[in-house]
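Those sequence lines, one after another, are chains A and R.
The first sequence finishes on residue 287 if you use this note's numbering, and the numbering steps up by one all the way, no holes.
The second sequence finishes on residue 203 if you use this note's numbering, and the numbering steps up by one all the way, no holes.
We put the beta carbon where it would ideally sit given N, CA and C, even for glycine.
Everything numeric in this text was worked out from a predicted model, so none of it was measured.
Worksheet: the structure to be examined is printed underneath.
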Amino acid sequence: MDCEAFERIVLDRLYLELDEQSMGAAQRHVAHCSRCRGIEAGLKATRDVCRLPMLAASDEFMDRVISNERRIRAVLPLRQRTSRAVSLLAGYAMRPQPTMAALLLLMIGASLFLVRSRPPERDLVQVTERGVQEGEVDARRLKGNSLASASSVLAVNNESAPANTARTDSTAEHCNTANSPGCASRVRTGESIGAKSDADPSSLEAEFRIARQLRFSSGCSAAVQNFESIRKRQPKSDVGLAATWQAADCYSKLNRKEEARALLVGLVDSPEYAVRATEQLKTLSGL
Amino acid sequence: MNRLAENPTEASDEMLMVRYQRGNRDAFATLVSRHSACVFSVAFYLRADEHAAEHIASTTFHHLASDAATFHLEAQFRTWLFGKVHSIVRNYWVEAQPNGDLEIDWGDQLIRLDTQQAELVSPPSSRAHRSQILLRRVTSRVTSLPLEMREAFLFKQVGQLSIVAIADAMSLDTDTVRQLIRSAFDRIQEGVMDTEEYARALR
Numbered sequence: 001m002d003c004e005a006f007e008r009i010v011l012d013r014l015y016l017e018l019d020e021q022s023m024g025a026a027q028r029h030v031a032h033c034s035r036c037r038g039i040e041a042g043l044k045a046t047r048d049v050c051r052l053p054m055l056a057a058s059d060e061f062m063d064r065v066i067s068n069e070r071r072i073r074a075v076l077p078l079r080q081r082t083s084r085a086v087s088l089l090a091g092y093a094m095r096p097q098p099t100m101a102a103l104l105l106l107m108i109g110a111s112l113f114l115v116r117s118r119p120p121e122r123d124l125v126q127v128t129e130r131g132v133q134e135g136e137v138d139a140r141r142l143k144g145n146s147l148a149s150a151s152s153v154l155a156v157n158n159e160s161a162p163a164n165t166a167r168t169d170s171t172a173e174h175c176n177t178a179n180s181p182g183c184a185s186r187v188r189t190g191e192s193i194g195a196k197s198d199a200d201p202s203s204l205e206a207e208f209r210i211a212r213q214l215r216f217s218s219g220c221s222a223a224v225q226n227f228e229s230i231r232k233r234q235p236k237s238d239v240g241l242a243a244t245w246q247a248a249d250c251y252s253k254l255n256r257k258e259e260a261r262a263l264l265v266g267l268v269d270s271p272e273y274a275v276r277a278t279e280q281l282k283t284l285s286g287l
Numbered sequence: 001m002n003r004l005a006e007n008p009t010e011a012s013d014e015m016l017m018v019r020y021q022r023g024n025r026d027a028f029a030t031l032v033s034r035h036s037a038c039v040f041s042v043a044f045y046l047r048a049d050e051h052a053a054e055h056i057a058s059t060t061f062h063h064l065a066s067d068a069a070t071f072h073l074e075a076q077f078r079t080w081l082f083g084k085v086h087s088i089v090r091n092y093w094v095e096a097q098p099n100g101d102l103e104i105d106w107g108d109q110l111i112r113l114d115t116q117q118a119e120l121v122s123p124p125s126s127r128a129h130r131s132q133i134l135l136r137r138v139t140s141r142v143t144s145l146p147l148e149m150r151e152a153f154l155f156k157q158v159g160q161l162s163i164v165a166i167a168d169a170m171s172l173d174t175d176t177v178r179q180l181i182r183s184a185f186d187r188i189q190e191g192v193m194d195t196e197e198y199a200r201a202l203r
């Protein structure tokens, strides 16, 4: 630092308004420059001598200022009063307490909408395991474990269906009304499915689906008896015709052409299967 | 922080001003009691007239109340306040001439200051007498300074504002403020360098 630079910052140094680095540089300059040291000493002495005492205003001064302020506030324009009120409200709003209270209210409100209480026990929905869905469940079970035995069970049940009808109907009715724990297992077994009335279309549809599942999983040889069973019980119904078609298809796949042909001839009269059956018959005939 | 918020006497000037903007009159009273002496002293040494000084000080606080809405929390309150002093002094200066007669309580000495007649009320060769001579010399030097120079000097020496704050208050750049204060120091130094107090301060 040179003398010119020192003179520029000497007042800042006098009133301790310099940063540490500049203060150090000035200090080093003063240490070896007697001229600047003299200037600084003169300024310091003048500053100390010129300490002017603080004066107090008269006693009425404060009262006068406060009364002036009241007068000003009394005649504040509406706009300024409004902005002051807004400022006051904003001041309260910016405090943490209202913010926390607002957050708490928001959380409570959100929980009322989003977090629903569990229904009481008496409102529990009771589901009877019966019908189409039951068949699908059985099909999955059978697929995984003993498909062959299941098919045999079904076959046996189907053959003895008329004999069991009365008993299984009463079981099904009982299960529908009582919903006892044992019912589900009983309905789930081949016994209950096979025991369904022939007049019950949903039961036949279930059997048909199981038979198709068997066909896809184990092949025609395992499923063809089931299709035959359904066909024999209701040959003219939609399910029966579908079972006839499936059985015929299986017989043709198993190279039992005569049986297949016999079934297809029966389907020629059906408007839904006439075209397909005719084509299949032609194929079997080798045309 | 909470203590500052609860106790108005310990809150910063800026916080008090914000509270006053929100309608807290106690905050205004605290600000006036905190700064009235400083504003009044600067005004007195500027004009060397008690009535003029009271007028300047009361007008300053009047403006503080009426312009409170224009104050921003980011601003320095003292800079804003002395900016008002500056504009009032500029407007008031044309109307009146310096005229002062005031008793000053300087330490344990009561000094009667009359800048026009230079009347000495203390006995000669006493400490009070010497102080009175020195104060009279200083005040006469100060009142003889050009207005802008006097203002810058008093804002620094009495108002205790930083050089940057003075520049803000007077709407000048900092180098100009430094030059003004330095010139004021040089002129006052000429008037007091033969006094015993100055020689003692040099040592």
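Notebook entry, point to check: How is L52/A classed by DSSP in three states: helix, strand or coil?
Noted result: coil
Notebook entry, point to check: Ordered along the chain, which non-local residues of its own chain (more than five positions away) have a Cβ less than 7 Å from that of A187/R?
Noted result: In the sequence under discussion, the amino acid at residue 187/R is Arg, which differs from the Ala named in the question. Result list for R187/R: R141, L145, in chain order.
Next item on the list: Within the same chain, show all residues whose beta-carbon is closer than 7 Å to that of F82/R, passing over the 5 residues directly before and after it, in chain order.
Entry: F155, G159, L161, A169
Checklist line | Alpha-carbon to alpha-carbon, L112/A and N157/A | finding: Only weak support exists for where N157/A lies, its pLDDT of 49 falling under 50; the value from the coordinates is given anyway. Cα to Cα, N157/A sits roughly 54 Å from L112/A.
Notebook entry, point to check: So, are the CB atoms of R46/A and Q179/R less than 8 Å apart?
Noted result: A small correction: the amino acid at residue 46/A is Thr; Arg does not occupy that position in the sequence shown. Contact flag unset, no.
Margin query: Below 8 Å on the Cβ atoms is my contact criterion, and I expect L241/A with N226/A to pass it. Report the Cβ-Cβ distance as a whole number of Å.
Written below: Between N226/A and L241/A the Cβ distance is about 15 Å, and since that is not below 8 Å, they are no contact.
Margin query: Measuring CB atoms only, is the segment 45–60 of chain A touching the segment 36–49 of chain R, in the sense that at least three cross pairs come out at less than 8 Å?
Written below: yes
Next item on the list: Report yes if the CB atom of S22/A is closer than 8 Å to the CB atom of A69/R, and no otherwise.
Entry: no
Checklist line | Chain-ordered neighbours of D12/A on chain R, where CB pairs are closer than 8 Å | finding: I163, R178
Notebook entry, point to check: Would a check of beta-carbon distances place L120/R closer than 8 Å to chain A?
Noted result: With a pLDDT of 43 at L120/R, under the threshold of 50, the modelled position of that residue is not reliable, and no figure is offered here.
Next item on the list: Determine the chain R residues that contact I72/A at a beta-carbon separation under 8 Å, and present them in chain order.
Entry: H62, A65, S66
Note to self: Let me confirm a value: V265/A is counted as buried when at least 16 other C-beta atoms fall within 10 Å, else exposed. Which label applies?
What the structure shows: exposed
Item checked: Where A148/A sits in the DSSP three-state scheme -> Residue confidence for A148/A is low, a pLDDT of 47 falling below 50, so the modelled location carries little weight; the figure read from the coordinates is stated next. Helix.
Notebook entry, point to check: Alpha carbon to alpha carbon, how far is H51/R from A26/A?
Noted result: 44 Å
Next item on the list: Let me know if F216/A comes out buried or exposed under the rule of 16 or more other beta-carbons within 10 Å of its beta-carbon.
Entry: exposed
Checklist line | chain A contact residues for L202/R, given Cβ-Cβ distances below 7 Å | finding: A41, A45
Margin query: On a Cα-Cα basis, can you pick out the residue from L11/A, D269/A, D238/A, C220/A that is closest to C36/A?
Written below: L11/A
Notebook entry, point to check: Closest by CA to R25/R, which one among A274/A, I66/A, D48/A, A243/A?
Noted result: I66/A
Next item on the list: Can you pull the chain R residues whose beta carbon is under 7 Å from the beta carbon of G91/A, in chain order?
Entry: R22
Next item on the list: Compare the Cα-Cα distances from L204/A to each of T244/A, S221/A, R261/A and report the closest residue.
Entry: T244/A
Next item on the list: Scan the segment 168–192 of chain R for residues whose Cβ lies nearer than 7 Å to a Cβ of chain A and list them as they occur along the chain.
Entry: R178, I181, R182, F185, I188, Q189, V192
Item checked: Buried versus exposed call for K282/A [16 or more other C-beta atoms within 10 Å across all chains shown] -> exposed
Margin query: So that I know if they touch, is there some Cβ in chain R lying closer than 8 Å to that of L52/A?
Written below: yes
Check: For E14/R, which residues in chain A fall below 9 Å Cβ to Cβ?
Finding: Going along chain A, no residue has its Cβ under 9 Å from E14/R, so there is no contact; the nearest lies around 14 Å.
Checklist line | V158/R at chain A interface by Cβ criterion, 8 Å | finding: yes
Margin query: Less than 8 Å between CB atoms is the rule here; does L18/A satisfy it with respect to chain R?
Written below: no
Item checked: Boundaries of the alpha helix (DSSP H) in which M193/R is found, first to last residue -> Note, M193/R: premise wrong, no alpha helix (DSSP H); not H, not E.
Checklist line | Element boundaries [alpha helix (DSSP H), containing W31/R] | finding: Note that residue 31/R corresponds to Leu in the displayed sequence, not to Trp. Counting along the chain, the alpha helix (DSSP H) containing L31/R begins and ends at 25–47.
Notebook entry, point to check: Taking the C-alpha atoms as reference points, what is the distance between F153/R and R19/R?
Noted result: 32 Å
Note to self: For a contact defined as C-beta to C-beta under 7 Å, what are the partners of D63/A on chain R?
What the structure shows: Under the 7 Å cutoff, chain R gives no residues; its nearest Cβ is about 11 Å from D63/A.
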